[in-house]
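Below is one structure, written out as structure tokens, with a few remarks after it.
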Amino acid sequence: MMIVDGLTAKFWEDRWISGRSISEIAPLLYACIPKRRGKHSTVVEGLHDHGWARDI
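For the sequence shown, this note's numbering gives the first residue as 913, with consecutive numbering after it.
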């Protein structure tokens, strides 16, 4: 997957890291994320100001 602006790619579920998703790479970490955040958090939101850490 090629990320253009990160506004539509899902941070936790889309395969944007070497063809893999964070949910595949770190399933125990992903299990800590509320389902709503996991499905809706974009790459832009996750990377901006360490937003991914607030999801946990």
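C-beta: ideal position from N, C-alpha, C; glycine also.
Where does residue i fall in DSSP's three states?
i    : result
R927 : coil
P946 : coil
Output needed for residue i: all residues of its chain with C-beta closer than 8 Å, excluding positions within five of it in sequence on either side, in chain order.
i    : result
L959 : G918, F923
Around the C-beta of residue i, are 16 or more other C-beta atoms found within 10 angstroms, so that it is buried, or is it exposed?
i     : result
D967  : buried
S953  : buried
I1035 : Lying outside 913 to 968, the shown extent of the chain, residue 1035 is not represented and no answer is given.
In chain order, what residues of the same chain lie with their CB nearer than 6 Å to the CB of residue i, ignoring the 5 residues before and after it?
i    : result
E925 : S933, S935
G963 : E957
Under the DSSP definition of a beta bridge, which residues are partnered with residue i?
i    : result
R932 : I929
K922 : T954
Keeping to the same chain, check which residues put their C-beta closer than 7 Å to that of residue i; ignore five residues upstream and five downstream.
i    : result
Y942 : W924, I934, S935, G950
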